[in-house]
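Note that my numbering has the sequence shown beginning at 2, numbered continuously upward.
Structure first, commentary second.
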Amino acid sequence: MTEAFVLTLARDTLTMTLMLAAPIMGVGLIIGLGVSIFQALTQIHEMTLTFVPKLIGMALVIVILGPWMLQNLLQFTTRMLGGLAPMAR
């Protein structure tokens with residue numbers, strides 16, 4: 002196992018993690034910002050008002066993008082496990 006292989010594996014793992022988490026975190030950020038602006042304008046400061054919309058939005062993103070996320074994760078896992086086979090010899 003060479004240094005280049007380990008660095009490539011680490012880079013690809015971090016890239017895949019960011020690619021899969023970015024849509025979920027982005028929706029949470031946008032909804033949180035919108036709710037915060039709404040709370041500032043109306044001066045309603047209720048904790049559940051910030052939590053519930055984010056939870057629903059993030060769950061919807063997971064439901065909508067779930068197949069794409071799973072497909073990318075399976076391809077990545079297959080590629081990584083296939084790359085480990087020559088190292089075992």
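Backbone N, C-alpha and C define an ideal beta-carbon position, used for all residues, glycine too.
Every value quoted in this text rests on a predicted model; they were computed, and no experiment measured them.
- Residue range 4-43 is occupied by the alpha helix (DSSP H) that includes GLU4.
- Nearest to TRP69 by C-alpha distance, out of GLY35, LEU56, ALA22, LEU8, is ALA22.
- LYS55 is positioned such that its CB atom lies no closer than 7 angstroms to that of GLY83.
- Residue nearest to GLN76 within the set THR49, ASP13, LEU30 is ASP13 (criterion: CA-CA distance).
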